[in-house]
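**Q**
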Amino acid sequence: MAGKQTFTMIKPDAVGKNAIGPILKIINEAGFVVKAMKYTQLTKAKAGAFYTVHNGKPFYEGLVEFMSSGPIVAIILEKENAVEDFRELIGATNPENAAPGTIRNLFATNVQMNAVHGSDSDENAIIESDFFFSKTERF
Ligand code: IDP
Ligand code: MG
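Using my numbering, the first residue of the sequence shown is number 403, and each one after it goes up by one.
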């Protein structure tokens, strides 16, 4: 059975474009409910740990540099079929391939600075949510 929660970050490029509000509006209007939210900045070490699955890939160092370059908004979202529906809402990793109207199509800068993160499985949604939020920070 598909899980009801996913994890997202509004990445430093989108925060820098003053797009937190517009992105949250799209997320809310798609039926997702905010269960936890934090405005924070990752250290290089934390960004490296979050993206450890990509360690060794050609884009890893740049990704860690980018993700620690400015503040992000970390959010746990709830909705039926959350992981799959949220991936559809954000669009493809490379905004050049992201469908019209998706968050990455609307707000991404390039394949690295692609505006938002979205968990790729229920298992990773739990791991990523636990990375940022304690039980008392969820509502
Ligand atoms: P996803 O965010 O759509 O799940 P992943 O393959 O998990 O995509 O990659 C994680 C993040 O790494 C991407 O969101 C993007 O910021 C960055 N990234 C992925 N592929 C590339 C690339 O080819 N060049 C530069 N950055 C990339
Ligand atoms: Mg991914």
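Idealized CB from N, CA, C, for every residue including glycine. On a predicted model such as this, the values are computed, not experimentally measured, just so you know.
Answer with buried or exposed for valine 455, where buried requires no fewer than 16 other C-beta atoms within 10 angstroms of its C-beta.
**A** With fewer than 16 Cβ atoms within 10 Å of its Cβ, valine 455 is classed as exposed.
**Q** If you draw a straight line from the C-alpha of phenylalanine 541 to the C-alpha of isoleucine 505, how long is it?
**A** Their backbone Cα atoms lie some 25 Å apart in a straight line.
**Q** Applying the criterion that 16 or more other CB atoms from any shown protein chain within 10 Å of the CB defines a buried residue, is proline 460 buried or exposed?
**A** Proline 460 should be labelled exposed.
**Q** At a cut-off of 7 Å, would you count aspartate 522 as near ligand 2, judging by its Cβ distance to the nearest heavy atom?
**A** Answer for aspartate 522: yes, Cβ within range of ligand 2.
**Q** Determine, using beta-carbon pairs with one atom in the segment 418-425 and one in the segment 476-491, whether at least three such pairs fall under 8 Å.
**A** The segment 418-425 vs the segment 476-491: no contact.
**Q** Under 8 Å by Cβ, that's how I've got alanine 438 and glutamate 525 pegged, so tell me the actual separation to the nearest angstrom.
**A** Incorrect: roughly 18 Å between the Cβ atoms, too far for contact.
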